Ligand code: SF4
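Numbering (this note's numbering), first residue to last: 22 to 480.
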């Protein structure tokens, strides 16, 4: 036995772990920004606090898209200041710091959207990190705010369009695409971590790669270009659901539809059409406004009859006449969209549309909104009724005493309907299940469980 003395390291008194509270407001793009900041915070040993009171400092990721979102952001900053006192603000509203500082001069720092490094250096300044190599370990897929079984995949930042009602290009800058190998590697990591559905997001998914001339790159030994069709092909090899959001009807979108028919990506397109009247679309300065969209939709449905189309619209845009609104209703009737959201136009500070003539009075906006939503709801109910008696594969989101809430290929999380399964039969969130549809209402389906899909197959 060795007689050498055994030296023991004295236990160092552990420093207190710095805790950051985080409030994430706004759209999925802002959510992805939040996830990046949270990943950096965790990587540096910060803990994320669930309450204002337990946090040493609070970061608020704001939204500045419409006036209601600005109000919500300003109120949240006020709440964080009152209940914690140390607040850093980032996100879209941060691009207009005077708006924040006028109302909340005690804010420690204001940064704009996608300014991860600036947010981190402001956190360092006001709450230095504790060095602990064990805390520095972060799961390879990063920190996510979504449930374990689905994740948003952000492929680009910014936008090169000039829609007259929107200030996002001013807030978020011009299109900046991530190279395709970078995106595919992130998708691969997420799939390996158990994610079963990827939601591809950006401001303009169809424009992906245009700013970097569709740069070529290699992934898993194969050459891909940084463009939508190659992205769909690459993601389609992962064996999980892939859902495309914010696609504009440029001609090259047609190439993706055959991949949907083959189920390499979900037969689902989220296209924010915003209106059906060519003259309104022109005033809105929408991308691809001169495309004959109804003809394109008919062609897509011939190629892929299961295709689900989701869209959003604006009613009461400046100058919208009664005739233009009727055109929108006729367009909707012909397009027979599955999922529809609608906003009443509201002016956003800095948007070009504010200068247009003929702002539509609130009461007329309200009437048009009701008529539009009534029509959209009737179409939705009729389309869902056709599914009764069919079999579907669904992905389970939650399970409770009333059964399970799941989604089919036709349902994106949070924005679309759901499939309600009466007797959950041992299902868990993240399971795939085979169900038979027994009933439908305006937005949801009701189903009976046939079998939990044990295999990890998406089909
Ligand atoms: S496409 Fe239009 S609405 Fe969308 S972010 Fe770009 S400018 Fe705004």
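Note that the Cβ used here is the ideal one computed from N, Cα and C, for glycine as well. On a predicted model such as this, the values are computed, not experimentally measured, just so you know.
Check: Do you know whose CA, among 98, 176, 443, lies nearest residue 231's CA?
Finding: Within the chain shown, numbered from 1, the residue matching residue 231 stands at position 210. Per the Cα distances, 176.
Note to self: Which residues does DSSP list as the beta-bridge partners of residue 42?
What the structure shows: Along the chain shown, read from residue 1 onward, the residue named residue 42 stands at position 21. According to DSSP, residue 42 bridges with 70, 79.
Notebook entry, point to check: Are the beta-carbon atoms belonging to residue 198 and residue 274 less than 8 Å from one another?
Noted result: The count along the chain shown starts at 1 and reaches residue 198 at position 177. The count along the chain shown starts at 1 and reaches residue 274 at position 253. Not in contact: residue 198 and residue 274 (Cβ atoms no closer than 8 Å).
Next item on the list: Answer yes or no: do residue 109 and residue 140 have a C-beta to C-beta separation smaller than 8 Å?
Entry: Residue numbering aside, residue 109 sits at position 88 when the chain shown is read from its first letter. Residue numbering aside, residue 140 sits at position 119 when the chain shown is read from its first letter. Yes, these two residues count as a Cβ contact at 8 Å.
Next item on the list: Could you tell me how far apart the beta carbons of residue 80 and residue 60 are, in whole angstroms, since I believe they sit closer than 8 Å?
Entry: For the purposes of this step, residue 80 is identified with residue 59 of the chain shown, where counting begins at 1. For the purposes of this step, residue 60 is identified with residue 39 of the chain shown, where counting begins at 1. No, residue 80 and residue 60 are not in contact; Cβ-Cβ is about 13 Å, not under 8 Å.
Notebook entry, point to check: Taking 7 Å as the line, does the beta carbon of residue 84 fall inside it for any heavy atom of the ligand SF4?
Noted result: For the purposes of this step, residue 84 is identified with residue 63 of the chain shown, where counting begins at 1. No, the Cβ of residue 84 stays beyond 7 Å of every heavy atom of the ligand SF4.
Item checked: CB contact below 8 Å: residue 66 versus chain D -> The structure shown contains no chain D; it holds only a single protein chain.
Checklist line | Cα-Cα separation between residue 122 and residue 97, rounded to whole angstroms | finding: Position 101 of the chain shown, counted from the start, is the residue given in the question as residue 122. Position 76 of the chain shown, counted from the start, is the residue given in the question as residue 97. Cα to Cα, the separation comes out at about 14 Å.
Item checked: residue 193 - DSSP class collapsed to helix/strand/coil -> Position 172 of the chain shown holds residue 193. The answer is helix: DSSP assigns residue 193 an H, G or I state.
Notebook entry, point to check: Once you ignore the five residues that flank residue 363 on each side, which residues in its own chain have a CB closer than 8 Å to its CB?
Noted result: Walking along the chain shown from the start, residue 363 turns up at place 342. Closer than 8 Å at the Cβ level, and outside the excluded window around residue 363, lie 333, 334, 335, 336, 390, 393, 394, 397.
Notebook entry, point to check: Hey, would you say residue 129 sits closer than 8 Å to residue 147, going by beta carbons?
Noted result: The count along the chain shown starts at 1 and reaches residue 129 at position 108. The count along the chain shown starts at 1 and reaches residue 147 at position 126. The criterion of a C-beta distance shorter than 8 Å is satisfied by residue 129 and residue 147.
Item checked: the segment 286-305 contacting the segment 316-334, beta-carbon criterion three pairs below 8 Å -> Because the criterion of three Cβ pairs below 8 Å is met, the segment 286-305 and the segment 316-334 touch.
Notebook entry, point to check: Quick one, are the C-beta atoms of residue 264 and residue 427 less than 8 Å apart?
Noted result: Locating residue 264 in the chain shown gives position 243, where the first residue counts as 1. Locating residue 427 in the chain shown gives position 406, where the first residue counts as 1. Residue 427 is positioned such that its CB atom lies no closer than 8 Å to that of residue 264.
Check: Mind checking whether residue 288 and residue 430 have CB atoms under 8 Å apart?
Finding: Translated into positions along the chain shown, residue 288 becomes position 267. Translated into positions along the chain shown, residue 430 becomes position 409. Contact flag set, yes.
Next item on the list: Say whether the segment 405-418 touches the segment 203-211, bearing in mind that this needs 3 or more beta-carbon pairs closer than 8 Å, one atom from each stretch.
Entry: The way I'd put it, the segment 405-418 doesn't touch the segment 203-211; fewer than three beta-carbon pairs between them come closer than 8 Å.
Item checked: Bridge partner(s) assigned by DSSP for residue 456 -> Locating residue 456 in the chain shown gives position 435, where the first residue counts as 1. Residue 456 is bridged by DSSP to 413, 470.
Next item on the list: State the Cα-Cα distance for the pair residue 259 and residue 377, rounded to the nearest angstrom.
Entry: Along the chain shown, one-based indexing puts residue 259 at 238. Along the chain shown, one-based indexing puts residue 377 at 356. The C-alpha of residue 259 lies about 47 Å from the C-alpha of residue 377.
Note to self: Let's see if you can read the secondary structure: which residues bound the beta strand (DSSP E) around residue 333?
What the structure shows: Residue mapping note: residue 333 aligns to position 312 of the chain shown, counting from 1. 329-336 is the span of the beta strand (DSSP E), which, as asked, contains residue 333.
Notebook entry, point to check: For residue 424 versus residue 449, is the C-beta distance shorter than 8 Å?
Noted result: Position 403 of the chain shown, counting from 1, holds the residue named residue 424. Position 428 of the chain shown, counting from 1, holds the residue named residue 449. No, Cβ-Cβ distance for residue 424 and residue 449 is not below 8 Å.
Next item on the list: Let me know the secondary structure DSSP gives residue 272 once reduced to three states.
Entry: For the purposes of this step, residue 272 is identified with residue 251 of the chain shown, where counting begins at 1. Residue 272: helix per DSSP, three-state reduction.
Next item on the list: Please indicate yes or no: does the CB of residue 150 lie closer than 7 Å to some heavy atom of the ligand SF4?
Entry: Here residue 150 is taken as the residue at index 129 of the chain shown, counted from 1. False, no ligand heavy atom lies under 7 Å from that Cβ.
Next item on the list: Taking all protein chains shown into account, decide if residue 65 is buried (16 or more other Cβ within 10 angstroms of its Cβ) or exposed.
Entry: Against the chain shown, residue 65 aligns to sequence position 44. Looking at its Cβ environment, which holds 16 or more other Cβ atoms inside 10 Å, residue 65 is buried.
Next item on the list: State the Cα-Cα distance for the pair residue 386 and residue 361, rounded to the nearest angstrom.
Entry: As a position in the chain shown, residue 386 is number 365, starting the count at 1. As a position in the chain shown, residue 361 is number 340, starting the count at 1. C-alpha separation (whole angstroms): 17 Å.
Next item on the list: Within its chain, find whatever has a CB closer than 7 Å to the CB of residue 173; leave out the 5 residues flanking it on each side and keep chain order.
Entry: Against the chain shown, residue 173 aligns to sequence position 152. Non-local beta-carbon contacts of residue 173 in its own chain, meaning distances under 7 Å to residues more than five positions away in sequence, involve 49, 52, 53, 167, 220, 222 in chain order.
Notebook entry, point to check: Who does residue 440 pair with in a DSSP beta bridge?
Noted result: In the chain shown, the residue the question calls residue 440 occupies position 419. DSSP lists 427, 466 as partners of residue 440.
Next item on the list: Rounded to whole angstroms, what's the CA-CA distance from residue 45 to residue 183? Just pull it up for me.
Entry: Counting from 1 along the chain shown, the entry for residue 45 is found at position 24. Counting from 1 along the chain shown, the entry for residue 183 is found at position 162. So the two alpha carbons sit approximately 26 Å from each other.
Notebook entry, point to check: Within 7 Å: the Cβ of residue 339 and any heavy atom of the ligand SF4?
Noted result: In the chain shown, counting from the first residue as 1, residue 339 sits at position 318. Residue 339 has its Cβ no nearer than 7 Å to any heavy atom of the ligand SF4.
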